[in-house]
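Engineer: Each residue of the sequence shown is one higher than the one before, counting from 0 in numbering that gives the first Met the number 0. C-beta atoms are modelled at their ideal positions from N, C-alpha and C, and glycine is treated no differently. Take a look at this one; I'll ask things after.
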Amino acid sequence: MTRKIALITGGGDCPGINAFLASTVRRGNSAYNAEFVGVKNAFGGLAADDPEQYLLPLKTEDVIGLENQSSTILESSRFNPFTDANIARGYPQKILNNLDRLGVEGILGTGGNDTILCAQHLANMDFPIVMAPKSIDNDVSGTDVMLGFRTAIYFGAQAARSTADSARAHRRISLVEVMGRHAGWLALEIGVASGADLITIPERPVDLAEYCAEVKRIYRKYSCANLVVAEGTSISYNDPVIVRAKKESEVVRSLLEEAPELDAFGNPKLGGISQILRRILKIELGLEKIEEVRSTDLGFTLRGLTPLADDIILGIRFGIKAADILLGEERSGVMVGIHGLEIKDVPFEQALKPKIVNRPDKELEALGVFISSAYRSS
Ligand code: F6P
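Okay, here's the thing in structure tokens:
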């Protein structure tokens, strides 16, 4: 009998997701004669009153040319059916009822840590589900690399180098902010690949007086600087440099007052630290004009990129493996990942262990990561 499988793509979009979708459909159709239906908005669509409105049936002929398309044709959402409030509202059971109503017997999906956590809850309710990791943050364990990361690094590094080259011509400081939430992988690799003078990552809190002194030294010496900053860079609101900046700059005051909102999984909505740092550098370096420090937020420009071959191949390999596990081996509760040259799978529990930058200080410093003396561990 033909089995019907739902496809979902949750969390932040990124390059390579469509390659995964195309690959699961091809593999599932040809090797297992399975039927596929995309469910738009991930858990948002699955939990809807009218789930039929979110469906996109997918056959092999529908996915021709899909592999190299950006973002996700299934759209995305950060809806979390497993918050205490949503459990009380009955959403987990509603999802199971909807899947039954749609005749769906299993799910294949892509996600980051939050979507994989939801998948784990569903697997614990005995619903068959297999996931593939995606996020430009690269912050999930159980895989060397997540879908989207390689493409984001490649274009992010080009963009950061471009701003640095321009800053050199104009004798300026270039500040480039990148996403990554609580993990510094994206900032680290974009920084290294773009020849950054200083990289700040969330894993190493920044003493702003030391940071500004270092930028000043670089700027005096070279008349320009290439600074890459992770959106989650940790600065203390009690840092004397912040206290001074709040007194001197109304913009800093209002930016700091804008406390970040939380998403449905309790993650702060980050972004904007380079705007604060830009003003702090002007004050601390005694610069005449704010234009001497230009900031660029790469943010979402790295999310909707057309995937490089690396991510297309990874998406295709993840798709084949995920379909084989769910439809061939009839296993569930696992995430596929790449380990060296091999595609393997790990239980969700293992995938969900946080993966942050954990290299020794000396190695990070040699790569250009800024490490404040108070926080130096080796
Ligand atoms: O998780 C991926 C990510 O791109 C983070 O780096 C960033 O902080 C967040 O998503 C932004 O989320 P949203 O798309 O919900 O604004």
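#1: Given this structure, state the Cα-to-Cα distance separating VAL205 from ALA229, to the nearest angstrom.
#2: Got a sec: does ligand 1 put a non-hydrogen atom nearer than 8 Å to the Cβ of ASN67?
#3: Flag MET0 as yes when its Cβ comes closer than 8 Å to any non-hydrogen atom of ligand 1, and as no otherwise.
#4: Using only alpha-carbon positions, find the residue among ALA263, ASP296, LEU261 that is nearest to GLY271.
#5: Rounded to the nearest angstrom, what separates GLY102 and THR1 at their Cα positions?
#6: Please confirm whether ALA350 has its beta-carbon closer than 9 Å to some beta-carbon of chain C.
#7: Can you check which of these residues, GLU348, LEU6, ILE342, is closest to ASP143 by C-alpha distance?
#8: Would you mind stating whether ALA84 and GLY314 have Cβ atoms separated by less than 9 Å?
#9: Let me know the secondary structure DSSP gives ARG302 once reduced to three states.
#10: Using the three-state DSSP reduction, which class does VAL240 fall into: helix, strand or coil?
#11: Taking 8 Å as the cut-off, is the beta-carbon of GLY402 closer than that to any non-hydrogen atom of ligand 1?
#12: Leaving aside the five residues before and after GLU364 along the sequence, list all residues of the same chain whose C-beta is less than 6 Å from its C-beta, in chain order.
#13: Quick check: what's the CA-CA separation for SER248 versus VAL227?
#14: Between ASN40 and ligand 1, is there a pair consisting of the residue's CB and a ligand heavy atom that are separated by less than 8 Å?
#15: For the beta strand (DSSP E) that contains PRO346, what are its first and last residues?
#16: Tell me whether GLY111, by its Cβ, gets closer than 8 Å to a heavy atom of ligand 1.
#17: Could you check if LEU261 belongs to the surroundings of ligand 1, using beta carbon to heavy atom distance under 8 Å?
#18: List the DSSP bridge partners of HIS338.
#19: Quick one: using the 10 Å Cβ neighbour count with 16 as the cut-off for buried, is GLY265 buried or exposed?
#20: Going by the beta-carbon positions, is the gap between PRO267 and GLU256 smaller than 9 Å?
#21: How many angstroms separate the CA atom of GLU329 from the CA atom of GLY367?
#22: Would you report the Cα separation of GLN274 and SER294, rounded to the nearest angstrom?
#23: Find the nearest neighbour of TYR53 within the set VAL36, GLN119, SER69, LEU254, judged by alpha-carbon distance.
#24: List the DSSP bridge partners of GLU249.
#25: So VAL251 and ILE172 are in contact, right, with Cβ under 8 Å, and what is the actual spacing, rounded?
Structural biologist: According to the structure shown:
#1: Residue mapping note: residue 205 aligns to position 206 of the sequence shown, counting from 1. Residue mapping note: residue 229 aligns to position 230 of the sequence shown, counting from 1. Looking at the two C-alpha atoms, the distance is approximately 11 Å.
#2: Within the sequence shown, residue 67 is the residue found at index 68, counting from 1. False, no ligand heavy atom lies under 8 Å from that Cβ.
#3: Sequence index remark: in the sequence shown, residue 0 carries index 1 (1-based). In this structure, MET0 has its beta carbon at no less than 8 Å from each heavy atom of ligand 1.
#4: By 1-based counting over the sequence shown, the position of residue 271 is 272. Of the listed residues, the one whose Cα sits closest to GLY271 is ASP296.
#5: Along the sequence shown, read from residue 1 onward, the residue named residue 102 stands at position 103. Along the sequence shown, read from residue 1 onward, the residue named residue 1 stands at position 2. If you take the alpha carbons of GLY102 and THR1, they lie about 11 Å apart.
#6: Reference to chain C is not applicable here, since this structure consists of a single protein chain.
#7: For the purposes of this step, residue 143 is taken as the residue at position 144 of the sequence shown. Ranked by Cα distance from ASP143, the first of GLU348, LEU6, ILE342 is ILE342.
#8: Within the sequence shown, numbered from 1, the residue matching residue 84 stands at position 85. Within the sequence shown, numbered from 1, the residue matching residue 314 stands at position 315. No, they are not a contact pair.
#9: Walking along the sequence shown from the start, residue 302 turns up at place 303. DSSP places ARG302 in coil when its eight states are reduced to three.
#10: Here residue 240 refers to the residue found at position 241 of the sequence shown. VAL240: helix per DSSP, three-state reduction.
#11: The question about residue 402 has no answer here: the residues shown for the chain are numbered 0 through 377.
#12: One-based indexing of the sequence shown puts residue 364 at position 365. Apart from the 5 residues on each side of it in sequence, GLU364 sits with its Cβ closer than 6 Å to the Cβ of ILE370 in its chain, given in chain order.
#13: Here residue 248 refers to the residue found at position 249 of the sequence shown. Here residue 227 refers to the residue found at position 228 of the sequence shown. Each residue's Cα considered, the two are about 23 Å apart.
#14: Translated into positions along the sequence shown, residue 40 becomes position 41. Flag unset: Cβ of ASN40 not near ligand 1.
#15: Here residue 346 refers to the residue found at position 347 of the sequence shown. Judged by DSSP secondary structure, PRO346 falls within the beta strand (DSSP E) whose first and last residues are 341-346.
#16: Position 112 of the sequence shown holds residue 111. Answer for GLY111: yes, Cβ within range of ligand 1.
#17: Here residue 261 corresponds to residue number 262 of the sequence shown, with the count starting at 1. Not under cutoff, so the answer is no.
#18: For the purposes of this step, residue 338 is taken as the residue at position 339 of the sequence shown. In DSSP, HIS338 forms a bridge with GLU341.
#19: Along the sequence shown, read from residue 1 onward, the residue named residue 265 stands at position 266. Here GLY265 is exposed, its C-beta having fewer than 16 other C-beta atoms within 10 Å.
#20: Residue 267 sits at position 268 when you count from the first residue of the sequence shown. Residue 256 sits at position 257 when you count from the first residue of the sequence shown. Not in contact: PRO267 and GLU256 (Cβ atoms no closer than 9 Å).
#21: The residue given as residue 329 occupies position 330 in the sequence shown. The residue given as residue 367 occupies position 368 in the sequence shown. For the pair GLU329 and GLY367, the Cα-to-Cα distance works out to about 46 Å.
#22: Stepping through the sequence shown from its first residue, residue 274 is reached at position 275. Stepping through the sequence shown from its first residue, residue 294 is reached at position 295. C-alpha separation (whole angstroms): 7 Å.
#23: As a working note, residue 53 is residue 54 in the sequence shown. Nearest option by C-alpha distance: VAL36.
#24: Position 250 of the sequence shown, counting from 1, holds the residue named residue 249. The secondary-structure analysis by DSSP pairs GLU249 with nothing; it has no beta-bridge partner.
#25: Against the sequence shown, residue 251 aligns to sequence position 252. Against the sequence shown, residue 172 aligns to sequence position 173. Not quite, the Cβ-Cβ distance comes to about 17 Å (not below 8 Å), so this is no contact.
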